[in-house]
Each structure stands twice: as structure tokens, then as C-alpha cells.
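Peer 1: First the structure, then my questions, so here it is.
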Amino acid sequence: MRVLVLTAALMGFAAAAPAPAPSATLFDDIVVVSTSTACATASATPIASTFWVPSDTSHKTCDKKTYKAKFAPSDVKRGDFRDCASLLSAFGPHNGTFTIPALANAAEDYGKGFIPIVKSDSCSLGIRAKNGVMLGDDDVDWIVQKTLQDYSSGFLMAARGSVDCDALDGEKKVKLYWQVYDSEKGD
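Taken in order, the sequence shown gives residues -16 to -1, 1 to 171; the numbers are from mature numbering (1 follows the signal peptide of the UniProt record, and there is no 0).
Laid out in C-alpha cells, this is it:
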């Protein structure tokens, strides 16, 4: 009987205790495409890894005054503008920075080898750089938003361009080439 009374008393204390406060989510549901790919030229043997570093605050690493864009060539598969809007909406609340390695052929305006870093169904943002570069979450939002505004044709869209962003070594700005497209077909 004493055990029953003790159990009832402990249950009473537990019921009277305040409910625990909700805790923050322990994982990030970001739509980042994890990449690890060999460099684009045969002479380069190291593995290039683009990765995301989350942060508590938004980051802007690119100089918007250097932004250039145009419609992507006709052989680039177009993404659905609704998927690009979805990408913008899904990625928007995330803060952080992408670290992007150098690719040997990145200086060519129409070179191959875009690394898709964020994706929503048929819409991807792919990037490449001749030198190591950082790309902030604010820059990703801005590039996708500008593409949505200026380069959708009907329901389909694809654009590419460049912008100067912070170098990995922190010394200067370097050219980052980007492309918004459907990465399922390829670069």
C-alpha cells in the first residue's frame, strides 16, 4: 500500500510540474545539394567539395554592382519558374555561407561544370569559380529572385551570369559564375 501511495504522490508532483518549453529543431531542413565532385579537368586530381556553413545571421559576400546576367544558351534545360519560386521560398529562412572551391575551367564564360548547390524539383542554382569563393545566403536569395524577375519565359526559365564575391583567402573579390536551370539534364 505504501508503494501505491508513494507512486500516486510522485505522479501528482509530475502532473503539477510545468510543461517543458519547446526546443529548437536539431537538424536543418535546407534544400542544399551536398556535392563532392572531381575537378573539371583531367590534370586536376584533388576532390572539390562545396559545403554549407550555417549561421545565426544572414550573410552577403557578393558585390551587387558587379552582377551580370543573360538568358542561358538554348542547350541548357529550363527549370519551371514555380519550382524556382519554391526554391526561393524554401531557402529564404536559412542563414549561412557556401564555401566553393576553385575549378580549373571556371574562367570560361560558357564553360561546363556548374555545381548545383540548392535545388527544388526542376530548379537548381549551380555555381563555379576559378578561385575559391564564398557565397552568402543573401546572395543566393538575390540571384534566384533576380532570375525569376528578369529571365522567365512563360513557365520555363534559365539564366547564367557572374558576380564578384569574397575570396576564401579573404583578400579580394573573385568572379563567381552562376546558372539557374534544371540540373537533371546536366550542365
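All C-beta atoms in this analysis are idealised placements derived from N, C-alpha and C, irrespective of residue type, glycine included.
The structure displayed is predicted, hence computed values, not measured ones.
1) Is the beta carbon of Tyr165 less than 7 Å from the beta carbon of Ala56?
2) Considering only residues of the region 90 to 152, which uninterrupted alpha helix (DSSP H) runs meet the minimum length of 4 residues and lie entirely inside it, listed in chain order?
3) For the beta strand (DSSP E) containing Ala53, list its first residue and its last residue.
4) Going by the CB atoms, is the gap between Val147 and Thr81 shorter than 7 Å?
5) I'd like to confirm the pairing. Which residues does DSSP put opposite Asp64 in its beta bridges?
6) Do you know how far the Cα of His78 is from the Cα of Gly154?
7) Lys44 and Asp122: beta carbons closer than 7 Å?
8) According to DSSP, is Leu71 part of a helix, a strand, or is it coil?
9) According to DSSP, is Leu160 part of a helix, a strand, or is it coil?
10) Could you tell me the alpha carbon to alpha carbon distance between Phe98 and Ser39, rounded to whole angstroms?
11) If you count every other CB in all the chains shown that lies within 10 Å of the CB of Gln163, and 16 or more means buried, which is it?
12) Could you give the first and the last residue of the continuous beta strand (DSSP E) run that contains Gly80?
13) Taking only the alpha-carbon atoms, compute the straight-line gap between Ala142 and Leu109 and give it to the nearest angstrom.
14) Please state whether the Cβ-Cβ distance between Val117 and Ile84 is less than 7 Å.
15) Please report the straight-line C-alpha distance between Lys103 and Val158, rounded to a whole angstrom.
16) Are there 16 or more other CB atoms within 10 angstroms of the CB of Gly120, so buried, or fewer, so exposed?
Peer 2: Straight from the coordinates:
1) Taking the sequence shown and counting its residues from 1, one reaches residue 165 at position 181. Taking the sequence shown and counting its residues from 1, one reaches residue 56 at position 72. Against a cut-off of 7 Å, the Cβ pair of Ala56 and Tyr165 comes out as a contact.
2) 121 to 134
3) For the purposes of this step, residue 53 is identified with residue 69 of the sequence shown, where counting begins at 1. Start and end: 46 to 55.
4) Here residue 81 refers to the residue found at position 97 when the sequence shown is read from its first residue. Here residue 147 refers to the residue found at position 163 when the sequence shown is read from its first residue. Contact flag unset, no.
5) Here residue 64 corresponds to residue number 80 of the sequence shown, with the count starting at 1. Asp64 pairs with Leu140.
6) As a working mapping, residue 154 is identified with position 170 in the sequence shown. As a working mapping, residue 78 is identified with position 94 in the sequence shown. Cα to Cα, Gly154 sits roughly 23 Å from His78.
7) The residue you call residue 44 lines up with position 60 of the sequence shown. The residue you call residue 122 lines up with position 138 of the sequence shown. Yes, they are a contact pair.
8) For this step, residue 71 is matched to residue 87 along the sequence shown. If DSSP states are grouped into helix, strand and coil, Leu71 belongs with the helices.
9) Your numbering for residue 160 matches position 176 in the sequence shown. Leu160 falls in the strand class under three-state DSSP.
10) Mapped onto the sequence shown, residue 98 falls at position 114. Mapped onto the sequence shown, residue 39 falls at position 55. In a straight line, the C-alpha of Phe98 is about 25 Å away from that of Ser39.
11) As a position in the sequence shown, residue 163 is number 179, starting the count at 1. Buried: at least 16 other Cβ atoms inside 10 Å.
12) Numbered from its first residue, the sequence shown carries residue 80 at position 96. Start and end: 80 to 84.
13) Taking the first residue of the sequence shown as position 1, residue 142 is located at position 158. Taking the first residue of the sequence shown as position 1, residue 109 is located at position 125. Each residue's alpha carbon lies about 10 Å from the other.
14) Walking along the sequence shown from the start, residue 117 turns up at place 133. Walking along the sequence shown from the start, residue 84 turns up at place 100. Yes, these two residues count as a Cβ contact at 7 Å.
15) Reading the sequence shown from its first residue, position 119 is the one you call residue 103. Reading the sequence shown from its first residue, position 174 is the one you call residue 158. For Lys103 and Val158, the distance between alpha carbons rounds to 24 Å.
16) Position 136 of the sequence shown, counted from the first residue, corresponds to residue 120. Gly120 comes out buried.
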